[in-house]
Amino acid sequence: MPAGTLYRGREGMWSWVAHRVTGVLIFFFLFVHVLDTALVRVSPEDYDKVVAVYKTPIVALLEYGLVAAVLFHALNGLRVIAVDFWSKGPRYQKQMLWTVMGIWIVLMVGALYPVLGHAAREVFGG
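Note that the numbering used here numbers the sequence shown so that position 124 is 124, with each residue one more than the last.
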């Protein structure tokens with residue numbers, strides 16, 4: 001390859017990878033969610049067992065990860081739309097990515113208590 005043509009992977013590449021990974025994770029969550037919801041018609045007792053597992057602290061951490069994936073995917077998707085449809089979008093894509101990351105962090109901090117509060121009370125008492 002000629003010098004200077006090898007893509008080294010900066011912010012744009014990592015946001016591209018994260019967007020695809022979060023999309024796949026969200027897809028698998030939806031797939032599992034449809035399956036476990038369908039279980040109620042097949043065996044209500046087994047459905048109740050599955051729902052009981054969903055109330056554990058470990059699943060609360062997974063839910064927080066789901067919130068992280070959905071928020072990043074949505075915010076980055078808006079950034080991608082801006083890059084694609086705004087004439088100055090490509091020029092400001094790096095700044096928009098850092099803005100997305102800042103908003104994502106603020107929202108994730110805000111989601112800590114609503115998503116993990118129950119699990120923290122169960123683990124630490126209170």
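Note that CB positions come from ideal geometry on N, CA and C, so glycine has one too. In this text, all values refer to a predicted model and were calculated from it rather than measured experimentally.
State the CB to CB distance for the pair Tyr64 and Ala111, rounded to an integer number of angstroms; the pair is presumed to be in contact (CB under 8 Å). 7 Å
Reduced DSSP secondary structure (H/G/I, E/B, other) of Leu10: Leu is not the amino acid found at residue 10; the sequence shown has Arg there. Arg10 falls in the coil class under three-state DSSP.
Grab me the residues of Val100's own chain with a C-beta within less than 7 Å of its C-beta, minus the 5 sequence neighbours each way, in chain order. Leu75, Asn76 and Arg79
Is the segment 105 to 123 touching the segment 55 to 62, taking contact as three or more C-beta pairs under 8 Å? yes
The ligand MG and Val59: does the residue's C-beta get closer than 6 Å to at least one heavy atom of that ligand? This structure lacks the ligand MG; in fact it carries no ligand of any kind.
Please confirm if Gly110 has its CB atom under 7 Å from at least one CB of chain D. Chain labels in this structure do not include chain D; a single protein chain is all it has.
Is Ser15 helix, strand or coil by DSSP? helix
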